[in-house]
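Beneath this line is the structure, given in structure tokens, with notes to follow.
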Amino acid sequence: MSATSNPFANTARPAKGAEVPDIKDDLLGHDLLVTGPTKPGLSSTFEAPHQPWPTHPLDTAVRIAIMGLHGGAGATTVATLLGTGATEVGQSWPVSQNAWTGSAWPIPVIAVARTDHTGLAAADRFIRSWANGHLTGSQLSTLVLIEAGPRTSDARKKATKRLLRMVPRGTHIPWMDSWLDAPPDPARLPGRIKRIIKLLNTPTP
1 MSATSNPFAN
11 TARPAKGAEV
21 PDIKDDLLGH
31 DLLVTGPTKP
41 GLSSTFEAPH
51 QPWPTHPLDT
61 AVRIAIMGLH
71 GGAGATTVAT
81 LLGTGATEVG
91 QSWPVSQNAW
101 TGSAWPIPVI
111 AVARTDHTGL
121 AAADRFIRSW
131 ANGHLTGSQL
141 STLVLIEAGP
151 RTSDARKKAT
161 KRLLRMVPRG
171 THIPWMDSWL
181 DAPPDPARLP
191 GRIKRIIKLL
201 NTPTP
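Under my numbering, read the sequence shown as residues 1 to 205, first letter to last.
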């Protein structure tokens, strides 16, 4: 069977060396990041959730912790794109204990969720836990909301924008249809995604 007649061949994948076209973001426009409260307690509008977000200790310090806020959030994808030093830590808030002093080592945490109803609800609960001071010992760096489909409703757009501005930094990754065919290749990304990854690799001070 020839390559052109093979139904499993990924004919849509760009040829090696071909330029990857850039993408636009209808949600954030030209902005790569939006900003909000730099630490908990700066806003009185976030009602605490009935169940605070779970936490867990880490045995070793990591450069950047990537935390999924629900199953299928995209934390593995974000960790892969960030490369060496980005560690996926599951769905609990990570706290690294210094083996010598017993004190917490503040890890920069990137929280990741999809923009479907499950992801937005999880992000809302997480942010309210953080804003009410329930998540200590580490530092929330960025909330990453990954588009869940090629089209989204006005209600979900509004919710996504609201959540991104409730944290120190928020960013949005548009729908990437090519990521359904194969895992994202860090060496072959649209310019916008490259710029976002560069910013994520620079945690907030």
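The C-beta atom is built at its ideal place from N, Cα and C for all residues, glycine as well.
It should be emphasised that the depicted structure is a prediction, and the values quoted were computed from it without experimental measurement.
On a CA-only basis, which of 168, 162, 81, 146 is nearest residue 184? Give me that one, please. 81
Assuming residue 133 is part of the alpha helix (DSSP H), what are its boundary residues? Counting along the chain, residue 133 falls outside any alpha helix (DSSP H), and DSSP gives it neither H nor E.
DSSP has residue 54 in a bridge; who is on the other side? Answer is none; residue 54 lacks a bridge partner.
Hey, residue 272 and residue 110 are a contact pair by Cβ (cut 8 Å); roughly how many whole angstroms apart? Past the boundaries of the shown model lies residue 272; the chain is included only from 1 to 205, so the question cannot be answered.
Is the distance from the Cβ of residue 32 to the Cβ of residue 171 below 8 Å? yes
Run of the alpha helix (DSSP H) containing residue 112, from where it starts to where it stops: Here residue 112 belongs to no alpha helix (DSSP H); instead the beta strand (DSSP E) covers 108–114.
Is it the case that the Cβ atoms of residue 166 and residue 197 are separated by a distance below 8 Å? no
For residue 186, collect the residues of the same chain with a Cβ closer than 8 Å to its Cβ; drop the 5 residues on either side in sequence, then sort them by chain order. 80, 81, 83, 197
I need the DSSP call for residue 200, collapsed to helix, strand or coil. helix
Specify the secondary structure class of residue 179 as computed by DSSP and reduced to three states. helix
Where residue 193 falls: helix, strand or coil (DSSP): helix
Since residue 65 and residue 129 should fall inside the 8 Å C-beta cutoff, what is the C-beta to C-beta distance between them, to a whole number of angstroms? Not really, about 16 Å apart at Cβ, beyond 8 Å.
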